[in-house]
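Engineer: Below you will find the structure I want to go over with you.
Chains as they are written, first to last, in the working numbering: chain E, 10 to 308; chain L, 210 to 337.
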């Protein structure tokens with residue numbers, strides 16, 4: 010075998026490095042996820058080198074499973090993943106089609122197959138992202154049409170591996186049950202990426218980024234209040250990580266708007282500054298003071 | 210007799226790769242692609258059977274190619290064609306249509322002469 014292949018040059022020219030750097034810059038935390046994506050990118054570059062030097066095997070199977078709690082960035086990473094796979098030539102178009110059970114499963118006999126196939130055709134050349142994939146399988150109803158969708162999905166995942174990449178996403182425990190009850194599907198998903206929950210420090214960085222994109226600023230008091238808010242909110246049920254941060258900011262903006270209207274006259278600094286009281290008015294603090302025990306637990 | 214209908218019909222049959230390139234072009238124009246088949250390729254037969262619904266919002270020809278292959282496998286003795294429909298206002302019509310499969314034994318047609326009033330001759334095609 011003669012000739013050589015410059016892997017670093019390939020990485021540079023494909024523009025994947027920019028996407029990876031962007032990923033590092035834009036996404037806070039998620040270290041295991043970033044490591045895994047770098048590994049996959051490396052695999053694809055090496056695979057390209059193998060093809061260039063004529064020692065190529067078959068294309069690797071890149072169907073993935075993203076597990077993690079809500080708001081940990083699964084959809085965002087899937088979108089970046091589509092770009093990376095496209096730049097490295099694993100998929101031809103690099104678009105992302107995000108679907109849930111409703112888009113795949115029909116309502117009556119004979120409705121499911123065309124529906125699923127339609128979605129698969131739309132996703133070809135790109136990435137199919139199935140959110141909350143475990144809803145496809147409903148063991149309590151043996152006549153559920155979800156099974157039919159799973160079978161079609163499995164067939165296409167196997168036979169048209171070069172045409173699309175399927176990413177399943179959902180909570181970890183329920184995805185585990187889902188793959189256990191559909192072993193054929195589980196064995197076709199080679200990469201399982203787990204998204205960890207964010208720490209309070211990471212959530213604060215996320216909040217800072219969101220505030221900056223909204224064109225707002227946090228006063229020193231607001232920053233402390235937001236930190237307290239996140240510490241309390243994190244312990245409460247239905248906490249959705251980055252999504253909860255976004256919601257908190259949206260509600261703070263509402264309160265800020267009301268506060269400013271009550272004042273009457275404002276200057277530009279007041280318009281872009283969120284104050285501590287915008288956060289302290291939240292229900293989360295009220296719940297915490299009425300239940301002092303939970304506050305102790307978070308301190 | 211080689212049936213010639215639609216675009217490219219005087220060229221040798223397109224390979225799957227060439228078909229994919231044509232579909233790629235149609236999708237880039239925003240046209241909706243559909244597959245149809247018939248056992249009656251008479252030039253006046255405009256009603257071909259639909260092979261599934263027209264395909265909207267596709268990004269890649271792989272899905273269309275899969276449908277074409279499935280249709281060929283199900284109807285090897287039929288003619289299969291591919292249509293690309295442009296929904297832009299002002300066009301609202303087929304912009305591209307060509308055959309992607311023909312049976313091994315092609316249909317045969319003969320020319321029939323019919324004498325009408327005043328020794329006027331009508332010509333028509335009929336299946337041989």
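Every residue gets a Cβ at the ideal spot worked out from N, C-alpha and C, and that includes glycine.
Please state whether DSSP places residue 180 of chain E in a helix, a strand or coil.
Structural biologist: Coil, per DSSP.
Engineer: Closest to residue 260 of chain L by CA distance: which of L:306, L:246, L:217 is it?
Structural biologist: Out of L:306, L:246, L:217, L:246 has the C-alpha closest to the C-alpha of residue 260 of chain L.
Engineer: For the segment 85 to 107 of chain E, which residues have a CB atom closer than 8 Å to at least one CB atom of chain L, in sequence order?
Structural biologist: Cβ contacts with chain L come from 101, 102, 104.
Engineer: So, does the segment 207 to 224 of chain E touch the segment 177 to 187 of chain E, judging by three or more C-beta pairs under 8 Å?
Structural biologist: Touching, no, given that fewer than three Cβ pairs across the two stretches are closer than 8 Å.
Engineer: Can you list, in chain order, the stretches of the alpha helix (DSSP H) that have 4 or more residues and sit fully within the segment 69 to 123 of chain E?
Structural biologist: Segments of the alpha helix (DSSP H) lying fully in the segment 69 to 123 of chain E: 83 to 96, 110 to 113.
Engineer: What is the C-beta distance between residue 203 of chain E and residue 181 of chain E, in whole angstroms, given that I count them as a contact (C-beta under 8 Å)?
Structural biologist: Confirmed, Cβ separation roughly 7 Å.
Engineer: Using the Cα positions of residue 201 of chain E and residue 73 of chain E, report the straight-line distance between them to the nearest angstrom.
Structural biologist: Spanning the two alpha carbons is a distance of roughly 6 Å.
Engineer: Quick test of the definition: if touching needs 3 or more C-beta pairs under 8 Å, does the segment 110 to 119 of chain E touch the segment 249 to 266 of chain L?
Structural biologist: At 8 Å Cβ cutoff, the stretches do not touch.
Engineer: Count the other CB atoms within 10 Å of the CB of residue 302 of chain E; is the residue buried (16 or more) or exposed (fewer)?
Structural biologist: Here the model assigns residue 302 of chain E a pLDDT of 47, short of 50, so the residue's position is not dependable, and the following value carries that caveat. By the neighbour-count rule (16 or more Cβ atoms within 10 Å), residue 302 of chain E is not buried but exposed.
Engineer: Answer yes if the segment 18 to 28 of chain E comes into contact with the segment 83 to 100 of chain E, meaning at least three C-beta pairs across the two stretches below 8 Å, and no otherwise.
Structural biologist: At 8 Å Cβ cutoff, the stretches touch.
Engineer: Within the same chain, show all residues whose beta-carbon is closer than 7 Å to that of residue 14 of chain E, passing over the 5 residues directly before and after it, in chain order.
Structural biologist: 58, 61, 62, listed in sequence order.
Engineer: For residue 47 of chain E, go through chain L and note every residue whose CB falls closer than 9 Å to its CB, in chain order.
Structural biologist: Within chain L, no residue comes near residue 47 of chain E; the closest Cβ sits about 27 Å away, beyond 9 Å.
Engineer: DSSP three-state call for residue 253 of chain L: helix, strand or coil?
Structural biologist: DSSP places residue 253 of chain L in coil when its eight states are reduced to three.
Engineer: Who are the neighbours of residue 57 of chain E on chain L, taking C-beta pairs under 9 Å?
Structural biologist: Within 9 Å Cβ-Cβ: nothing; residue 57 of chain E doesn't reach chain L, min ~20 Å.
Engineer: Considering Cα atoms alone, identify which of E:259, E:40, E:217, E:289 is closest to residue 237 of chain E.
Structural biologist: Checking every option, the nearest Cα to that of residue 237 of chain E belongs to E:289.
Engineer: Is it true that the CB of residue 282 of chain E sits closer than 8 Å to the CB of residue 226 of chain E?
Structural biologist: Yes.
Engineer: In this structure, does DSSP put residue 234 of chain L in helix, strand or coil?
Structural biologist: Looking at residue 234 of chain L - three-state DSSP - the assignment turns out to be helix.
Engineer: Does at least one heavy atom of the ligand GDP sit under 7 Å from the Cβ of residue 61 of chain E?
Structural biologist: The model depicted lacks the ligand GDP and carries no ligand whatsoever.
Engineer: Considering only residues of the same chain and omitting the five flanking positions on each side of residue 87 of chain E, which have a CB-CB separation below 8 Å?
Structural biologist: Counting only Cβ-Cβ distances below 8 Å, and skipping sequence neighbours, we find 75, 105, 107, 136, 138, 176, 178.
Engineer: Is it buried or exposed, residue 266 of chain L, if we count other Cβ atoms within 10 angstroms and call 16 or more buried?
Structural biologist: Counting Cβ neighbours within 10 Å, residue 266 of chain L comes out exposed, since fewer than 16 surround it.
Engineer: Give the C-beta separation of residue 153 of chain E and residue 231 of chain E to the nearest angstrom, bearing in mind that I take them to be a contact with Cβ-Cβ under 8 Å.
Structural biologist: Their Cβ separation, rounded to whole angstroms, is 49 Å, which puts residue 153 of chain E and residue 231 of chain E out of contact at 8 Å.
Engineer: From what residue to what residue does the beta strand (DSSP E) around residue 336 of chain L run?
Structural biologist: Residues 330 to 336.
Engineer: If contacts are defined as beta-carbon pairs under 8 Å, then residue 236 of chain L and residue 268 of chain L qualify, I think. What distance do you get, rounded to the angstrom?
Structural biologist: Their Cβ separation, rounded to whole angstroms, is 7 Å, which keeps residue 236 of chain L and residue 268 of chain L in contact under 8 Å.
Engineer: Within 10 angstroms of the Cβ of residue 305 of chain E, are there 16 or more other Cβ atoms? Answer buried if so, exposed if not.
Structural biologist: The pLDDT assigned to residue 305 of chain E is 39, lower than 50, so where the model puts this residue is not dependable; a value taken from the coordinates is nonetheless given after this. Residue 305 of chain E comes out exposed.
Engineer: Leaving out the 5 sequence neighbours to the left and right, which residues in its chain are closer than 6 Å to residue 115 of chain E when beta-carbon positions are compared?
Structural biologist: Only 121, 124, 154 meet the Cβ criterion.
Engineer: Find the residues of chain E that neighbour residue 271 of chain L, judging by a C-beta separation of less than 7 Å, and give them in chain order.
Structural biologist: Result: 133, 134, 169, 172.
Engineer: Going by beta carbon distance, what residues of the same chain come within less than 7 Å of residue 170 of chain E, once the five residues before and after it are set aside?
Structural biologist: Excluding positions up to five away in sequence, the list reads 68, 70.
Engineer: Of all Cβ atoms in chain L, is any one closer than 8 Å to the Cβ of residue 83 of chain E?
Structural biologist: For residue 83 of chain E, the answer is no, since every Cβ of chain L falls outside 8 Å of its Cβ.
Engineer: Between the alpha carbons of residue 192 of chain E and residue 160 of chain E, how many angstroms are there, rounded?
Structural biologist: Between residue 192 of chain E and residue 160 of chain E, the C-alpha separation is close to 12 Å.
Engineer: At the level of alpha carbons, what is the spacing between residue 117 of chain E and residue 190 of chain E?
Structural biologist: Approximately 23 Å, taken between the alpha carbons.
Engineer: Let me know the secondary structure DSSP gives residue 125 of chain E once reduced to three states.
Structural biologist: Helix at residue 125 of chain E.
Engineer: Can residue 258 of chain E and residue 220 of chain E be called in contact, C-beta distance under 8 Å?
Structural biologist: Contact flag set, yes.
Engineer: Helix, strand or coil: which one does DSSP assign to residue 218 of chain L?
Structural biologist: Here residue 218 of chain L sits in coil by DSSP.
Engineer: Taking residue 251 of chain L and residue 336 of chain L to be in contact with their CB atoms under 8 Å, please state how far apart those CB atoms are, rounded to whole angstroms.
Structural biologist: Indeed they touch by this definition, with Cβ atoms about 7 Å apart.
Engineer: Between which two residues does the beta strand (DSSP E) carrying residue 244 of chain E extend?
Structural biologist: Run containing residue 244 of chain E: none in the beta strand (DSSP E); it sits in the alpha helix (DSSP H), 229 to 244.
Engineer: Can you give the beta carbon distance from residue 217 of chain L to residue 307 of chain L, rounded, assuming they're within the 8 Å contact cut?
Structural biologist: Contact holds; Cβ gap of about 5 Å.
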